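Numbered continuously in our numbering, the sequence shown closes out at residue 99.
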Amino acid sequence: LEAAAEAGLIEIPWQYFAALLPVKSVGVHGDVRAYGETIVVRAVTSLDGMSARYSPIPHDVLAKISTRITNTVKGSVNRVVYDITHKPPGTIEWE
């Protein structure tokens, strides 16, 4: 996200992170079915943390994030998802 902000594509969110979820996902590695981990990307804007809105991230930036994560932890992570839940009803952090 910092690179996208430096390029003027987005404003830097108030808080952003990636979290490893306790969810296995089926994918493909070569020609073989593979089960891997799922990572969620979360970015929000807020004034005080009591309420927050998800920060819109352009699809091309999300695609770069997904590619970087899956290539960095090759064979372990096969799915990256983007959390667009506001607070409330959700919370900022994942537990």
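Glycine residues also receive a C-beta, built at the ideal position from the N, C-alpha and C atoms.
Because the structure is a prediction, the values reported are computed rather than measured.
Any idea if residue i is buried or exposed, counting beta-carbon neighbours within 10 angstroms, 16 or more meaning buried?
i   : result
A38 : exposed
V3  : Here the chain covers residues 5 to 99 and nothing more, so residue 3 does not appear.
V84 : buried
L51 : exposed
V27 : exposed
P17 : buried
Where does residue i sit, in a helix, a strand or coil, going by DSSP?
i    : result
E41  : strand
H33  : strand
D87  : strand
T100 : Because residue 100 is not part of the residues shown, which for the chain are 5 to 99, the question remains open.
V65  : helix
A56  : strand
A11  : coil
Taking C-alpha atoms, which residue in the options lies nearest to residue i?
i   : options               : result
G40 : E15, L25, P62 and I69 : L25
I61 : A7, E6 and I14        : I14
G31 : W98, G79 and I88      : G79
A67 : G53, V77 and Y86      : Y86
Measure the beta-carbon distance from residue i to residue j and round it to whole angstroms, keeping in mind my assumption that it falls under 8 Å.
i   : j   : result
F21 : R46 : 6 Å
V48 : S59 : 6 Å
V65 : A23 : About 18 Å; that fails the 8 Å criterion.
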